[in-house]
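First the structure, in the form of structure tokens, and then the observations on it.
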Amino acid sequence: MDLSIDTLFFLVELLGTAAFAASGAVLAIERGLDLFGIVFLGCATAIGGGVLRDVILGQIPPQAFVDYAYMLTAAMTSLLVFVWARVRRWESTRVFVNGPFMNVLDAAGLGIFSVIGVRNTILAGFGGNMFFCVFLGMTTGVGGGMLRDILSHTTPAVLRKRIYALASIAGAVCYYLMRPIAPKGSIAAATLLVVVLRVLASRYRWTLPHIDPPENKD
Amino acid sequence: MDLSIDTLFFLVELLGTAAFAASGAVLAIERGLDLFGIVFLGCATAIGGGVLRDVILGQIPPQAFVDYAYMLTAAMTSLLVFVWARVRRWESTRVFVNGPFMNVLDAAGLGIFSVIGVRNTILAGFGGNMFFCVFLGMTTGVGGGMLRDILSHTTPAVLRKRIYALASIAGAVCYYLMRPIAPKGSIAAATLLVVVLRVLASRYRWTLPHIDPPENKD
Amino acid sequence: MDLSIDTLFFLVELLGTAAFAASGAVLAIERGLDLFGIVFLGCATAIGGGVLRDVILGQIPPQAFVDYAYMLTAAMTSLLVFVWARVRRWESTRVFVNGPFMNVLDAAGLGIFSVIGVRNTILAGFGGNMFFCVFLGMTTGVGGGMLRDILSHTTPAVLRKRIYALASIAGAVCYYLMRPIAPKGSIAAATLLVVVLRVLASRYRWTLPHIDPPENKD
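Residue numbers (this note's numbering), protein chains in the order written: chain A, -4 to 213; chain B, -4 to 213; chain C, -4 to 213.
Okay, structure coming up:
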């Protein structure tokens, strides 16, 4: 079996795509959307960040419309979530998708997408501007989840979740700095960094400082 | 009277623009916005999808800023809704705009906009990528309504309404496949398809499968 | 001290950036976001409008990623708001940021950003299309605040606030028309116009006509 390093990265990408799509599909079900809405929100979550990056970079059509693997993975995963929620009890689906196993996949997706966002920005000729590279890395990593939350009318999780966008930024910076030394090793290292940060932050409930309690006026 | 087929398409476009603008203006009034907010949301609903498509395609300035007919129609319609809601009872305005007559106009707009989105994407040189063409067809058709709902802070109707984005996609695919055979006939056929789908879906309350009832946690 | 007119404009820009960032940071605190969310929303509010304009114009990377002064000002201001809200009472922070002093700074930001949006659109070669210039002037002026409200899940203030987007449009039109006569004087005049409009609208509670009371269905 020829499991080269590139194949491995591609697998991590697909797993991340599936995890993102599952989070979108579950939210769609919670919102009472129909099958189309479920697949739509699953796909938007999975490929939204990359499409946003490509539109900003002016790379038209966006990659997700050229290489169908991601969209197919996202649509299939959304369908699977729907079927599972119908056949088995809905509650069990929700618990699984929000559980620790999917959290690791989600972290892997966050990591590899952030890295790919930086790489594509460098390949597009903006390697001299670290700030912009990291921004588009973060956009690729968290953009889909942001789109999901805006479309489904909830406060973006990226702003609420523990060390989420920050983990994406850490991975993007790590990759940007390590890339000249180890082009492929840096992909793995930066992705792992994000996974470790996210898993630790979830498990040990790391929080950044915040003002507590604000008198909420709404 | 010279009512050629192109003039007819243009008329359908303007009617669709008016229907979209009316839906935006009514939502703005429901939200308690002032006259500017009403006209703003009416125009955003009517031209938002096309502007989004043009920005993605890199066609700057977007068509709506070059050909004023659409923006004028949208602004005038919004004003008309405002005046009508002031002079007559507000409730009657709301009932009319949400009623079956406007629903057909809205469906006509959804159809012709979806078709035009596909055509403009083909004309921009992306005719080889059916997936991308259909995506921008749908974007043109439902993008304005999505913008309306995000700006006015409601769950996007496109994700809740019966067979709405799906009708847009059906029309886009139909036009894409028929265009090589009948360039103009396909515009009419695809638009009609969307109208028929939407009217039937509204009248007979077609639904796609969904999970029911999810334990809503919010 | 060499306080030339350009330096003065730059200062007004930075003050406006700070005022925008402060409004984002305060909203983030009200939403219970952590330090990252506070700085993120502060920066998004301050530079979002300009980034949106640059993406639409195809000017990549956007100015805010080339000239760091704005991002730094926004991040520092957000941090300052956070520290102040921690050290002193939160209520006093909120009152100050929403008070008349910051309102004038916010109006100055609205004015200078609207003007700069028009200028950059003209410099990008679209000076012949007044409509598009004014649109991107308004986008630059109110886009950041819109992004802030969408991300933090509130009805966009730009649609609710007294004469806000309209003041931006007035400034943009004023600059567009005066620019051929007085390139620099028109910047000052248009910015001042926005400040005066906003301050008067806030103080004397100017309102545009609206339908009152709509039977709110939500």
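Cβ atoms here follow ideal geometry from the backbone N, Cα and C, with glycine treated the same way. Note that the structure is a prediction, hence the values are computed from the model and not measured.
When we look at the beta-carbon of residue i and count the other beta-carbons within 10 Å, is it buried (16 or more) or exposed?
{"i": "K179(B)", "result": "exposed"}
{"i": "R26(C)", "result": "buried"}
{"i": "R198(C)", "result": "exposed"}
{"i": "R84(C)", "result": "exposed"}
{"i": "M(-4)(C)", "result": "Unreliable placement is indicated for M(-4)(C), whose pLDDT of 45 sits below 50; the coordinate value is still reported in the next sentence. Its Cβ having fewer than 16 others within 10 Å, M(-4)(C) is exposed."}
{"i": "S87(B)", "result": "exposed"}
{"i": "N93(B)", "result": "exposed"}
{"i": "D1(C)", "result": "exposed"}
{"i": "S(-1)(A)", "result": "exposed"}
{"i": "V78(C)", "result": "exposed"}
{"i": "I176(A)", "result": "exposed"}
{"i": "Y63(A)", "result": "exposed"}
{"i": "V61(A)", "result": "exposed"}
{"i": "P151(B)", "result": "buried"}
{"i": "F5(C)", "result": "exposed"}
{"i": "H205(B)", "result": "buried"}
{"i": "R200(B)", "result": "exposed"}
{"i": "F130(A)", "result": "buried"}
{"i": "A13(C)", "result": "buried"}
{"i": "F96(A)", "result": "exposed"}
{"i": "V76(A)", "result": "buried"}
{"i": "L52(A)", "result": "buried"}
{"i": "N3(A)", "result": "In the sequence as displayed, the identity of residue 3(A) is Leu instead of Asn. By the 10 Å Cβ count, L3(A) comes out exposed."}
{"i": "L118(C)", "result": "exposed"}
{"i": "V82(A)", "result": "exposed"}
Can you tell me where the alpha helix (DSSP H) with residue i in it begins and where it stops?
{"i": "S73(C)", "result": "64 to 82"}
{"i": "S181(A)", "result": "178 to 198"}
{"i": "L47(B)", "result": "30 to 52"}
{"i": "Y171(B)", "result": "160 to 173"}
{"i": "I24(B)", "result": "0 to 25"}
{"i": "F108(C)", "result": "95 to 116"}
{"i": "F127(C)", "result": "125 to 146"}
{"i": "T149(B)", "result": "Counting along the chain, T149(B) falls outside any alpha helix (DSSP H), and DSSP gives it neither H nor E."}
{"i": "F91(B)", "result": "85 to 92"}
Beta-carbon within less than 7 Å of residue i's beta-carbon, same chain only, minus the 5 sequence neighbours each way: which residues are those?
{"i": "L22(B)", "result": "L36, R143, S147"}
{"i": "A160(A)", "result": "M133, V137, V153"}
{"i": "T202(C)", "result": "R157"}
{"i": "S109(C)", "result": "G132, M133, T135, G136, S163, G166, A167, V189"}
{"i": "A80(C)", "result": "I24, T88"}
{"i": "V46(B)", "result": "P57, A59"}
{"i": "A183(B)", "result": "none"}
{"i": "M66(C)", "result": "C38, I42, A59"}
Output needed for residue i: all residues of its chain with C-beta closer than 6 Å, excluding positions within five of it in sequence on either side, in chain order.
{"i": "N211(A)", "result": "Note on N211(A): pLDDT 47, under 50, position unreliable in the model; the coordinate value appears next. Closer than 6 Å at Cβ, skipping near neighbours: no residue."}
{"i": "A223(B)", "result": "Here chain B has residues from -4 to 213 only, and residue 223(B) is not among them."}
{"i": "M141(C)", "result": "P151, V153"}
{"i": "I181(B)", "result": "Rather than Ile, the amino acid found at residue 181(B) in this sequence is Ser. Excluding positions up to five away in sequence, the list reads Y170, M173, R174."}
{"i": "F121(C)", "result": "F127"}
{"i": "D213(A)", "result": "Confidence is the limiting factor: at D213(A) the pLDDT is only 40, short of 50, which leaves the residue's position unreliable and the question unanswerable from this model."}
{"i": "S73(B)", "result": "A16, A20, I33, V34, G37"}
{"i": "G43(C)", "result": "G138, G139, L142"}
{"i": "A185(C)", "result": "V110, G166, C169, Y170"}
{"i": "M125(B)", "result": "Y171"}
Within its chain, find whatever has a CB closer than 8 Å to the CB of residue i; leave out the 5 residues flanking it on each side and keep chain order.
{"i": "A165(B)", "result": "L188, V189, L192"}
{"i": "L10(C)", "result": "L100, A103, G104"}
{"i": "T68(B)", "result": "L9, T12, A13, A16, A41"}
{"i": "N98(B)", "result": "R193, V194, S197"}
{"i": "A70(A)", "result": "A16, V34, G37, C38"}
{"i": "T116(C)", "result": "R48, L52, G122, F127, C128, L131, G132"}
{"i": "V50(B)", "result": "P57"}
Rounded C-beta distance between residue i and residue j? I'm assuming under 8 Å.
{"i": "A39(A)", "j": "G139(A)", "result": "7 Å"}
{"i": "V7(B)", "j": "I107(B)", "result": "5 Å"}
{"i": "L28(C)", "j": "R114(A)", "result": "Not quite, the Cβ-Cβ distance comes to about 30 Å (not below 8 Å), so this is no contact."}
{"i": "I145(C)", "j": "I145(B)", "result": "6 Å"}
Along the region 27 to 38 of chain B, where does the CB come closer than 9 Å to a CB of chain C? Name the residues. G27, L28, D29, L30, F31, G32, I33, F35, L36
Could you please tell me which residues of the region 189 to 207 of chain B, in chain order, have their CB closer than 9 Å to any CB of chain A? T202, L203, P204, H205, I206, D207
Given a limit of 9 Å on CB to CB distance, which residues of the region 51 to 70 of chain C reach chain B? I51, L52, G53
Given a limit of 8 Å on CB to CB distance, which residues of the region 109 to 138 of chain C reach chain B? F121, N124, F126, F127, F130
Given a limit of 8 Å on CB to CB distance, which residues of the region 68 to 93 of chain A reach chain B? F77, A80, R81, W85, E86
Name, going along the chain, the residues of the region 146 to 168 of chain A whose beta-carbon falls closer than 9 Å to a beta-carbon of chain B. L146, S147, H148, T149
Give the residues from the region 9 to 29 of chain A that approach chain B closer than 8 Å (Cβ to any Cβ), ordered along the chain. A23, I24, E25, R26, G27, L28, D29
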